[in-house]
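According to the numbering used here, the stretch in the sequence shown is residues 7 to 107, in order.
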Amino acid sequence: MAGGGGAQGSANPFLSFLPLLLILLIMYFLIMRPQAKKQKERERMLASLKKGDKVVTIGGIHGKIMGFKNNDQVLVLKIDDNVKIEVDRTAIASVLKSESK
Numbered sequence: 007m008a009g010g011g012g013a014q015g016s017a018n019p020f021l022s023f024l025p026l027l028l029i030l031l032i033m034y035f036l037i038m039r040p041q042a043k044k045q046k047e048r049e050r051m052l053a054s055l056k057k058g059d060k061v062v063t064i065g066g067i068h069g070k071i072m073g074f075k076n077n078d079q080v081l082v083l084k085i086d087d088n089v090k091i092e093v094d095r096t097a098i099a100s101v102l103k104s105e106s107k
């Protein structure tokens, strides 16, 4: 009888890793996939920036794009009358929607 119990103790190694695989699969769909979607959306937003867009930087500065420098990697923002700053393209957090007049 002792010999029969030992045969049942060795389970399929795949079944022992199944819960771990399920957790990783769930984590992928709940965390990694939505983050990748957000990253692609952000890249699209940064690629579509154009002169005249009103933007907000990651530091909270609101401004209007007046031009580009260094192969479009640096933006010149007008933040007030006679006040312009240069920021990196990746420093843009969002584009403000245009107000129709």
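Ideal placement from N, C-alpha and C gives every residue a C-beta, glycine not left out.
With DSSP as the reference, identify every bridge partner of residue i, one or two as the case may be.
i: T63; result: I98
i: K70; result: K60 and K84
i: K75; result: V80
Throw me the rounded Cβ distance for the residue i and residue j pair, which I believe falls under 8 Å.
i: V61; j: S100; result: 7 Å
i: K70; j: G58; result: 7 Å
Near residue i, which residues of its chain fall below 7 Å by C-beta distance, leaving aside the five closest residues on each side in sequence?
i: K107; result: With a pLDDT of 43 at K107, under the threshold of 50, the modelled position of this residue cannot be trusted; read the value that follows with caution. Excluding positions up to five away in sequence, the list is empty.
i: K90; result: M72, V82, L83 and K84
Counting only the same chain and skipping the five closest in sequence on each side, list residues whose C-beta sits under 6 Å from that of residue i.
i: R39; result: none
i: D26; result: First, the amino acid is wrong: residue 26 is Leu here, not Asp. Here the set comprises nothing.
Could you tell me which of the options sits nearest to residue i, measuring between CA atoms?
i: R95; options: D86, F35 and M51; result: M51
i: Q79; options: D86, S54 and N88; result: S54
i: R48; options: I64, D86 and D87; result: I64
i: F74; options: G66, P19, I67 and K56; result: K56
i: V93; options: H68, L31, Q41 and F35; result: H68
Runs of beta strand (DSSP E) lying entirely within the segment 16–65, each at least 3 residues, in chain order
Those beta strand (DSSP E) runs which fall completely within the segment 16–65 and span 3+ residues are 60–63.
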